[in-house]
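Residue numbers (the numbering used here): 4 to 235. Every residue, glycine too, gets a C-beta built ideally from N, C-alpha and C. Here the structure comes first, spelled out in structure tokens, and everything after it is commentary.
Right, here's the structure in full:
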């Protein structure tokens with residue numbers, strides 16, 4: 004890959020909707036380059052957009068290809084898939100926690116599993132991110148015992164931990180007071196500065212109007228299509 008090649012690319016991607024699982028998409032083509040933020044406005048009733056699952060190779064399109072770092076997920080060997088996914092951070096739209104692990108164990112699991120970083124180094128970074136996002140410390144109790152607004156911010160920690168190349172934010176402000184938005188925007192800005200690409204899916208119009216939102220390409224869902232807006 005060259006320095007300016009897209010980190011993530013959708014090439015004429017079509018996927019059929021699955022009831023109670025995800026919405027459908029039709030012939031979506033888009034490129035997401037290094038150092039960029041893309042804001043995707045999700046229409047009401049279409050919140051379960053499968054872009055993040057497609058971007059990570061968890062779903063295979065019925066037609067077209069999804070490329071990460073220039074290679075289609077479907078063309079990778081299993082060990083390559085694991086290596087590439089270690090470079091992706093995600094804030095899940097739905098439940099993303101293992102219930103029988105404490106929050107701190109959940110947050111650091113991927114870094115401990117996919118990298119050779121010392122545990123102490125991983126935990127120190129996670130604690131620093133916790134303070135960045137307004138938490139006194141990384142919660143060390145079961146997810147079910149943590150207040151929803153704090154649990155959501157713990158997902159932010161997991162999403163940015165390890166300086167991922169691709170950050171997928173699926174309605175990350177859900178359940179979080181808007182007073183914390185500036186903290187998240189700061190992390191997004193830092194990620195873009197180190198040449199990561201960030202995809203932010205939202206159903207909240209106020210996100211796109213925030214004065215501190217970094218420059219962003221803007222897309223919106225129109226039926227089964229993803230349409231780039233003129234001001235994006």
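On the premise that residue j lies in contact with residue i, defined as a C-beta separation below 8 angstroms, what is that separation, rounded to the nearest angstrom?
i, j, result
"residue 169", "residue 58", "7 angstroms"
"residue 202", "residue 181", "No, residue 202 and residue 181 are not in contact; Cβ-Cβ is about 21 angstroms, not under 8 angstroms."
"residue 204", "residue 174", "6 angstroms"
"residue 165", "residue 83", "Between residue 83 and residue 165 the Cβ distance is about 18 angstroms, and since that is not below 8 angstroms, they are no contact."
"residue 129", "residue 138", "Wrong, their Cβ atoms sit about 10 angstroms apart, outside the cutoff."
"residue 2", "residue 185", "Given that the chain is displayed from residue 4 to residue 235, the structure contains no residue 2 and the question cannot be resolved."
"residue 118", "residue 78", "Actually they do not touch by this definition, with Cβ atoms about 24 angstroms apart."
Do residue j and residue i come within 8 angstroms of each other at the CB atom, strictly closer than that value?
i, j, result
"residue 13", "residue 33", "yes"
"residue 151", "residue 189", "no"
"residue 35", "residue 53", "no"
"residue 167", "residue 199", "yes"
"residue 31", "residue 229", "yes"
"residue 206", "residue 64", "no"
"residue 62", "residue 18", "yes"
"residue 111", "residue 125", "yes"
"residue 60", "residue 76", "yes"
"residue 101", "residue 133", "no"
"residue 15", "residue 67", "yes"
"residue 227", "residue 104", "no"
"residue 107", "residue 143", "yes"
"residue 158", "residue 99", "yes"
"residue 163", "residue 196", "no"
"residue 232", "residue 210", "no"
DSSP puts residue i in a beta bridge; with which residues?
i, result
"residue 71", "11, 74"
"residue 21", "25"
"residue 92", "170"
"residue 179", "Its beta-bridge partners do not exist; DSSP assigns none."
"residue 204", "43, 173"
"residue 5", "Residue 5 is not bridged to any residue."
"residue 198", "Partner(s): none; residue 198 has no beta bridge."
"residue 229", "224"
"residue 66", "17"
"residue 31", "16"
"residue 219", "40"
Sorry if obvious, but does the Cβ on residue i come closer than 7 angstroms to a heavy atom of the ligand MG?
i, result
"residue 94", "As for the ligand MG, it is missing from this structure, which has no ligand bound."
Review point. Would the region 36–44 and the region 218–228 be scored as touching if the rule is three or more Cβ pairs under 8 angstroms?
Key: yes
Practice item. Can you check the region 98–165 for any beta strand (DSSP E) of at least 3 residues that lies completely inside it and give the ranges in chain order? Key: none
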